[in-house]
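In my numbering, the protein residues as written are 1317 to 1616.
Backbone N, C-alpha and C define an ideal beta-carbon position, used for all residues, glycine too.
This one's a predicted model, so the numbers in the text were calculated from it and none came from an experiment.
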Amino acid sequence: MNGLLPVKPGSGPFSLDDGKKMAKKPELDDFRVPFFDAGKKLKPFDLSAIDPSAKPFSSGAKEEDRERLAAIGAQLDDLQEKLHAQRRQRVLLVLQGMDTSGKDGTVRAVFHDVDPLGLRIVPFRAPSEREAAHDFLWRVHAQAPQAGEFAIFNRSHYEDVLVPRVLKQIDADQCERRYRHIRAFESLLADSGTTIVKCFLHISKDEQRERLQARIDDPTKHWKFDVSDLEARKQWSDYQAAYADALGATSTEYAPWYIIPGNSKTHRNVMVAELLLRTMQDMKLEFPPAKESLKGVKVD
C-alpha cells in the first residue's frame, strides 16, 4: 500500500475503534505519504488505505483531547516566539482537503493559544485576472514565509494541479510538468531555511454530505455555502484521483505530505497539532544569545 501502514478498522497494526487499546502505538510517520522517487514511474497514493473515521491520536475522550490540544498550543506558542526572535528559520504549513474538510477549523483550533502576531494565514482562492496572467506559482512565492515567520496556506498552489485537471483545463503532460515545478519550488523554499509540512485533511463523502447539509440548514452558515460546492461534490471521484496523483508526485523528504483522518474534528486538530509540535521541536529553536553589552545596564 505505497509503503504506508493499512489502517482501516481490523486491517492494520492497531485498532481504530474508540475506547479500545491499540496493539501498536501509532506514529505520525505511519500517515506520511511515501516520498516521490524520480527513478520510478509515478504511483498514485491510495487514499483508501487510510480510514477517514480513524482516531489513532485520540485518547477516546473529547475533553482529554481538548486538554491535550491546549497543552500543545502553549508549547507551540513558546516555539513560535523563539522562531520569531531567532529570525533565521521559517515554517510553512499547507492545508488541503475537499470542501468542508475543516481547513478553517483546524487553523482556529490548533493556533488558538498561539500569538497571532507571529502567524500569517494566507487563503488561496481562484486566481485574479492579474495573477492568472503570470505563471501559477507567481502569487504563491510572494506569500512564502520570511525569516522568523510561520505561514499557513489555507489551500495553496496544489489547487493548480487539482481544479484545472478535473475541469480538463490542463492535460496529463501539463499536470506532470506542474508537479515538477512544485517539487522544485518547494526545494527552493527548503534550501532557503523553510521547514514545510503539508496536511491532507481526509474526510469521507458521507461526512461531507452531513457537513454541507448542516450549512444549508443553518442560516448563519449560508455564507460558507456556494452552489458550486454541490457541483464539485458530483466530481468527488475525479478530485480523489487528482489528489492521489498529486500526493504521490509531491511528497518529498523536504516537503512531506501527511494524511490526517478528519471525520472527527477533535482528532483532526490534535493530530495536526502533534505533527507541528514534533516538527518545531526538531528545529532546535532557541532564543538568541544574551547580549554582553546589556550586562549591568540599569534603567534610570
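What number of angstroms, rounded off, separates the C-alpha of residue i from the C-alpha of residue j?
i: Leu-1395; j: Asp-1429; result: 12 Å
i: Lys-1337; j: Glu-1343; result: Unreliable positioning characterises Lys-1337 in this predicted model, as indicated by a pLDDT of 43, which lies under 50. The coordinate reading is nonetheless provided below. Cα to Cα, the separation comes out at about 15 Å.
i: Phe-1427; j: Gly-1389; result: 6 Å
i: Glu-1445; j: Tyr-1495; result: 23 Å
i: Leu-1505; j: Val-1423; result: 22 Å
i: Arg-1471; j: Pro-1439; result: 6 Å
i: Glu-1447; j: Pro-1605; result: 42 Å
i: Leu-1359; j: Glu-1492; result: Looking at the sequence provided, one finds Lys at residue 1359 rather than Leu. Looking at the two C-alpha atoms, the distance is approximately 12 Å.
i: Val-1479; j: Val-1613; result: 59 Å
i: Ser-1580; j: Ser-1503; result: 33 Å
i: Ser-1364; j: Pro-1577; result: 11 Å
i: Arg-1527; j: Asp-1545; result: 11 Å
i: Lys-1517; j: Gly-1418; result: Note that residue 1517 is Leu in the sequence shown here, rather than Lys. Distance between the alpha carbons of Leu-1517 and Gly-1418 is about 7 Å.
i: Ala-1565; j: Asp-1598; result: 25 Å
i: Arg-1455; j: Glu-1602; result: 32 Å
i: Asp-1362; j: Glu-1397; result: 38 Å
i: Ile-1366; j: Ser-1520; result: 10 Å
i: Asp-1616; j: Leu-1610; result: 14 Å
i: Ser-1567; j: Leu-1591; result: 16 Å
i: Ala-1488; j: Lys-1357; result: 14 Å
i: Val-1482; j: Gly-1421; result: 26 Å
i: Trp-1539; j: Ile-1532; result: 10 Å
i: Glu-1608; j: Ala-1377; result: 49 Å
i: Pro-1572; j: Asp-1345; result: 10 Å
i: Lys-1484; j: Phe-1501; result: 24 Å
i: Lys-1600; j: Ser-1508; result: 17 Å
i: Asp-1534; j: Pro-1443; result: 29 Å
i: Asp-1522; j: Ala-1467; result: 31 Å
i: Asp-1451; j: Phe-1469; result: 18 Å
Compare the beta carbon distance of residue i and residue j with 9 Å and say whether it is the shorter of the two.
i: Lys-1514; j: Val-1588; result: no
i: Pro-1434; j: Leu-1385; result: The identity of residue 1434 in the sequence shown is Gly, whereas the question assumes Pro. Not closer than 9 Å, so no.
i: Asp-1415; j: Gln-1524; result: yes
i: Leu-1593; j: Gln-1391; result: yes
i: Leu-1453; j: Ile-1498; result: yes
i: Ser-1374; j: Val-1586; result: yes
i: Gln-1412; j: Tyr-1570; result: no
i: Arg-1436; j: Glu-1465; result: yes
i: Lys-1371; j: His-1583; result: yes
i: Thr-1510; j: Thr-1595; result: no
i: Ile-1575; j: Arg-1382; result: no
i: Lys-1537; j: Ala-1548; result: no
i: Ala-1557; j: Tyr-1474; result: no
i: Asp-1431; j: Asp-1393; result: yes
Tell me the DSSP bridge mates of residue i?
i: Leu-1593; result: Paired residues: none, contrary to the question.
i: Gly-1696; result: The shown model of the chain, from 1317 to 1616, leaves out residue 1696, and the question about it has no answer.
i: Thr-1511; result: Val-1407
i: Tyr-1574; result: Arg-1348 and Cys-1515
Does any CB atom of chain D fall closer than 9 Å to the CB of residue i?
i: Lys-1540; result: No chain D is present in this structure, which holds just one protein chain.
Cβ pair count under 8 Å reaching 3, the segment 1452-1464 against the segment 1401-1409
yes
What runs of the alpha helix (DSSP H), each 4 residues or longer, lie entirely inside the segment 1326-1404?
1378-1402
Would you call the segment 1542-1553 and the segment 1348-1364 touching, i.e. three or more CB-CB distances under 8 Å?
no
Which ranges would you report for the beta strand (DSSP E) in the segment 1516-1566 if only whole runs of at least 3 residues count?
none
Entirely enclosed alpha helix (DSSP H) segments - the segment 1417-1484, minimum 4 residues:
1419-1426, 1445-1448, 1454-1457 and 1479-1482
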